[in-house]
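As numbered in my numbering, residues 226 to 440 make up the sequence shown, in order.
Yeah, the Cβ is synthetic: ideal placement off N, Cα and C, and Gly gets one too.
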Amino acid sequence: MRSLNTVDYEKIGKENLKRTLILREYHKVLNERLKILEKDSVVVIETPAENYLEANISSIKTMIDNGYKGIYLSFQRPFNNIHSLLERENIDVDSLYIVDCATGFSKSDQEKNPRCININPNFKVDEMIYIIVNTLRKLGMDKRFIFIDSLTTFSLHETFTEILRFPELLINTIKRENIDNVKLVFNVAKDLTGRRYVEKLNMYANDYIHLGLCT
């Protein structure tokens, strides 16, 4: 990777440079914190809304760079968008299954890709848990993760009670099914809505990571 000292600032552009700096800073912070946690752990990452996408990408990159294979539960963006963003950052997408809830929400045409797990537009929390658990079994037995990108977006399509039930049911189901070596990572926006979810998630969290606003 090129040093920042050799970057052509005019060519890369101000916004792209800012994004590059954010990605590097977040990746550094997350790499230091996530790699020291036990494989079976629950992590809450609170992120400024302005840098939410960068936090998502950095989280996935950190896990895969450390030898994990995982599931990206995408409430915000459709499969093709996420897939292209990850490829642009040279992230090994073959180490990842993307559960495409965003396309289900919009009732758009679903993608046919072996790395895309499509969801019924009228899916319920219990159905989603079933899909996640079945997909986990495809990842082998060592160093697995589940990344949940936005409970806030999920709340636009489901009741608050069901949103709060989701992480509890997911965690308990994984334990009940005796599925080991799974790290759960919840990315939550730093706003009033997100704060309610953070308070609930903190009951289960082994670590809480606050990513500051990078400008």
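Taking D351 as reference, the option from E383, F370 and R362 with the minimal CA-CA separation is E383. Look at the beta carbons and you see the segment 270 to 288 not touching the segment 340 to 356: under three pairs across the two are nearer than 8 Å.
Listed as beta-bridge partners of S299 by DSSP are D325. The beta carbons of F300 and F379 sit about 5 Å from each other, so the pair counts as a contact at 8 Å.
In its own chain, leaving out the 5 sequence neighbours on each side, no residue places its CB closer than 7 Å to the CB of S309. Selection D290, T328 and C326 evaluated against V318 yields D290 as nearest (Cα-Cα).
Judged by their CB atoms, T328 and N343 are nearer to each other than the 8 Å cut-off. The three-state secondary structure of Y429, taken from DSSP, is coil. In this structure, DSSP gives E271 an extended state, which the three-state scheme calls strand. Of the residues assessed, L381 falls on the exposed side of the cut-off, its CB having fewer than 16 other CB atoms within 10 angstroms. Within the same chain, and ignoring the five residues on either side of N431 in sequence, the residues whose Cβ sits closer than 8 Å to its Cβ are L262, E263, S266, V267 and V268. Restricting attention to K349, N406, I388 and K337, the CA atom closest to the CA of I371 is found in N406.
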